[in-house]
Amino acid sequence: MTIFAVPVFDATVIFNDKELFKGRGAAEGWGQKLAKEIECETGVQKVGTGWAISANYEGEDCLWGIHGQRLKRIN
């Protein structure tokens, strides 16, 4: 089972029609899981009133937020 199939139950906020993690700690925790899944170093980035997971994946700067209680690239 991949991390993308695991529900995200952490508190979320909506900013510019994107669902993000409410807290930095939640984003960091899911970022660590995502890093193992995509075999890439991740970090977190403040986006408006929430937090997103950031990484340079396959040469492209990416942000991950939440969609339907799952992780999803938001850019």
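So the mapping is simple: my numbering equals the position in the sequence shown, first residue as 1, plus 124. Ideal Cβ positions, reconstructed from N, Cα and C, are used throughout, including at glycine.
- Taking the continuous alpha helix (DSSP H) assigned at residue 156, which residues delimit it? 148 to 162
- Task: Check whether the stretch 142 to 153 touches the stretch 166 to 173, taking contact to mean three or more Cβ pairs, one atom from each stretch, closer than 8 Å.
- Result: Touching, yes.
- Message: For a quick check, are the C-beta atoms of residue 155 and residue 177 less than 8 Å apart?
- Response: yes
- Under three-state DSSP, which class holds residue 129? helix
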